[in-house]
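Colleague:
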Amino acid sequence: MGQRMTDLGLQGHVVLVTGGARGVGAGICSVLADLGAIPIACARRPPDDPARVAGAEFVTCDVRDPDAVGAMVADIVDRHGRLDAVVNNAGGAPFAPAADASPNFHRKIVELNLLAPLVVAQAARRVMAEQPDGGSIVNVSSVSGHRPSPGTAGYGAAKAGLDNLTGSLAVEWAPTVRVNSVVAGPVETEQSILHYGDEEGVASVGRTIPMGRMAVPTDVGNAVAFLISPLAAYITGACLTVHGGGERPAFLDAGTTDNRMENHTP
1 MGQRMTDLGL
11 QGHVVLVTGG
21 ARGVGAGICS
31 VLADLGAIPI
41 ACARRPPDDP
51 ARVAGAEFVT
61 CDVRDPDAVG
71 AMVADIVDRH
81 GRLDAVVNNA
91 GGAPFAPAAD
101 ASPNFHRKIV
111 ELNLLAPLVV
121 AQAARRVMAE
131 QPDGGSIVNV
141 SSVSGHRPSP
151 GTAGYGAAKA
161 GLDNLTGSLA
171 VEWAPTVRVN
181 SVVAGPVETE
191 QSILHYGDEE
201 GVASVGRTIP
211 MGRMAVPTDV
221 GNAVAFLISP
231 LAAYITGACL
241 TVHGGGERPA
251 FLDAGTTDNR
261 MENHTP
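Under full-length UniProt numbering, the first residue of the sequence shown carries the number 1, and numbering increases by one thereafter.
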């Protein structure tokens, strides 16, 4: 028997989810649809598997293009009459050592992971500021912005900037528009093997996390749903960490003292 979804007061809420065609974005859309919201999945290309975004509308847009973003938001408002929330989920980066990556590569990474969410947030805020109930924006960030990110240095720096941007926008746009971020740890998606090698690599990473597994997309979706819901009406400028307890400190395995957690009882 599946888990029964709680009513979070999102029935009929119009929610734009960038990067919503696959991976974490598809999981967010799935959670929102189950809660009665109207998720609108945005991506540059249609989903490979439409079943992943069942219950969501799909629109094509390059979120790095301010004109395209403005037209997309205007179209959503024309069709639905409002825009209640935005989830800035589009992002990511391939592995590339910082010493070898070109300036253009780093520019594109920062553009997608930091500047594009600002462009989308600005367009959404113009609509939300005129709505009686305002609106909510959630930026999907990463633990890579809070610790060293070797191999994805530009991505980590952009995500750090995104969390800082979250706080700044929350102050500037309160009380009409709430702005928060979800700081996600490793998430198992259809692309996980590109980062971790194979299924055993994914499982091995999961075993390093206190909760014993990597997150799944709906774990992030549940956090997003809470932050855009009326339950979070007084929460803005917050960074909600969703990482299963984080990464096990290396010193626990490097030291010679028997310091395994199971040896320490209350």
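Heads up, the beta-carbon is just placed ideally off N, CA and C, and yes, glycines get one too.
Values in this document were obtained by computation on a predicted structure and should not be read as measured data.
1. Which stretch, first to last residue, makes up the beta strand (DSSP E) that contains Cys-42?
2. Give me, in chain order, the residues of the same chain whose beta-carbon lies closer than 6 Å to that of Gly-25; leave out the 5 immediate sequence neighbours on both sides.
3. Please look up how many angstroms separate the CB atoms of Pro-210 and Arg-248, rounded, as I've assumed it's under 8 Å.
4. How big is the Cα-Cα spacing for Ala-33 and Ala-54?
5. Got a sec, what are the start and stop residues for the beta strand (DSSP E) Leu-240 sits in?
6. Spatial neighbours of Ile-38 within its chain, please: C-beta separation below 6 Å, excluding the five flanking residues on both sides.
7. Here's the rule I'm using: 16 or more other beta-carbon atoms within 10 Å means buried, otherwise exposed. How should Tyr-155 be labelled?
8. Find the nearest neighbour of Thr-152 within the set Ala-250, Gly-9, Ala-96, judged by alpha-carbon distance.
9. Report yes if the C-beta distance between Ala-129 and Val-179 is below 8 Å; otherwise report no.
10. Is there contact here, the region 100 to 107 with the region 116 to 127, by at least three beta-carbon pairs under 8 Å?
11. Cα-Cα, which of Arg-82, Leu-8, Val-31 is closest to Asp-219?
12. Return the bridge partner residues of Pro-223 from the DSSP annotation.
13. Give me the Cα-Cα distance between Arg-207 and Arg-213, rounded to the nearest whole angstrom.
14. Please name the residue, chosen from Pro-150, Val-119, Val-143, that lies closest to Lys-159 on a Cα-to-Cα basis.
15. Alpha helix (DSSP H) containing Ser-30: first to last residue?
16. Within the same chain, show all residues whose beta-carbon is closer than 8 Å to that of Ala-41, passing over the 5 residues directly before and after it, in chain order.
17. Sort Ala-43, Ala-51, Gly-9 by Cα distance to Gly-36 and report the nearest one.
18. Please tell me whether Asp-163 and Ser-136 are closer than 8 Å, where the distance is taken between their beta carbons.
19. Classify Glu-200 as buried or exposed, calling it buried when 16 or more other Cβ atoms lie within 10 Å of its own Cβ.
20. Grab the span of the beta strand (DSSP E) containing Ser-168 for me, first residue to last.
21. Kindly list the residues whose CB is nearer than 8 Å to the CB of Ile-76, restricted to its own chain and excluding five residues on each side of it in sequence; keep chain order.
22. Where do the ends of the beta strand (DSSP E) carrying Asn-104 lie?
23. Return the first residue and the last residue of the beta strand (DSSP E) that Arg-178 is part of.
24. Note down the Cα distance separating Val-202 from Ala-215, rounded to an integer number of angstroms.
25. Which residue or residues does DSSP assign as beta-bridge partners of Val-15?
Modeller: Here's the rundown:
1. As a first step, residue 42 must be located in the sequence shown, where it is residue number 42. Run containing Cys-42: 38 to 43, per the beta strand (DSSP E) assignment.
2. Within the sequence shown, numbered from 1, the residue matching residue 25 stands at position 25. Around Gly-25: Val-17, Gly-19, Asn-89.
3. Along the sequence shown, one-based indexing puts residue 210 at 210. Along the sequence shown, one-based indexing puts residue 248 at 248. Correct: roughly 7 Å between the Cβ atoms.
4. As a working note, residue 33 is residue 33 in the sequence shown. As a working note, residue 54 is residue 54 in the sequence shown. Using only the alpha carbons, I get a separation of about 8 Å.
5. As a first step, residue 240 is located in the sequence shown; it is residue number 240 there, counting from the start. Taken as a continuous stretch (DSSP letters only), the beta strand (DSSP E) holding Leu-240 covers 239 to 242.
6. As a position in the sequence shown, residue 38 is number 38, starting the count at 1. Here the set comprises Val-14.
7. Here the question's residue 155 lines up with position 155 in the sequence shown. It counts as buried.
8. Taking the sequence shown and counting its residues from 1, the one referred to as residue 152 is at position 152. Ranking the options by Cα distance to Thr-152, first place goes to Ala-96.
9. Within the sequence shown, numbered from 1, the residue matching residue 129 stands at position 129. Within the sequence shown, numbered from 1, the residue matching residue 179 stands at position 179. For Ala-129 and Val-179, no; Cβs fall outside 8 Å.
10. no
11. For the purposes of this step, residue 219 is taken as the residue at position 219 of the sequence shown. Among Arg-82, Leu-8, Val-31, the Cα nearest to that of Asp-219 belongs to Val-31.
12. For the purposes of this step, residue 223 is identified with residue 223 of the sequence shown, where counting begins at 1. Note that residue 223 is Ala in the sequence shown here, rather than Pro. According to DSSP, Ala-223 bridges with nothing at all.
13. Position 207 of the sequence shown, counted from the start, is the residue given in the question as residue 207. Position 213 of the sequence shown, counted from the start, is the residue given in the question as residue 213. The alpha-carbon atoms of Arg-207 and Arg-213 are separated by roughly 6 Å.
14. The residue labelled residue 159 in the question sits at position 159 within the sequence shown. When each option's Cα is compared against that of Lys-159, the closest is Val-143.
15. As a first step, residue 30 is located in the sequence shown; it is residue number 30 there, counting from the start. Element bounds for Ser-30: 23 to 34.
16. As a first step, residue 41 is located in the sequence shown; it is residue number 41 there, counting from the start. Taken in chain order, the residues that qualify are Val-17, Gly-20, Ala-21, Gly-25, Ala-26, Cys-29, Pro-47, Val-53, Ala-56, Glu-57, Phe-58, Val-59.
17. In the sequence shown, counting from the first residue as 1, residue 36 sits at position 36. When each option's Cα is compared against that of Gly-36, the closest is Gly-9.
18. Position 163 of the sequence shown holds residue 163. Position 136 of the sequence shown holds residue 136. Not closer than 8 Å, so no.
19. Here residue 200 refers to the residue found at position 200 of the sequence shown. Under this definition Glu-200 is an exposed residue.
20. As a position in the sequence shown, residue 168 is number 168, starting the count at 1. Per DSSP, Ser-168 belongs to no beta strand (DSSP E); it is in the alpha helix (DSSP H), 153 to 173.
21. Here the question's residue 76 lines up with position 76 in the sequence shown. Excluding residues within five positions, the ones whose Cβ falls inside 8 Å are Val-14, Leu-16, Ile-40, Val-59, Leu-83.
22. Position 104 of the sequence shown, counting from 1, holds the residue named residue 104. It is not in any beta strand (DSSP E) - Asn-104 instead sits in the alpha helix (DSSP H) that spans 103 to 110.
23. Taking the sequence shown and counting its residues from 1, one reaches residue 178 at position 178. That run of the beta strand (DSSP E) goes 177 to 184.
24. Residue 202 sits at position 202 when you count from the first residue of the sequence shown. Residue 215 sits at position 215 when you count from the first residue of the sequence shown. The straight-line gap from Cα to Cα measures roughly 11 Å.
25. By 1-based counting over the sequence shown, the position of residue 15 is 15. Paired residues: Pro-39, Ala-85.
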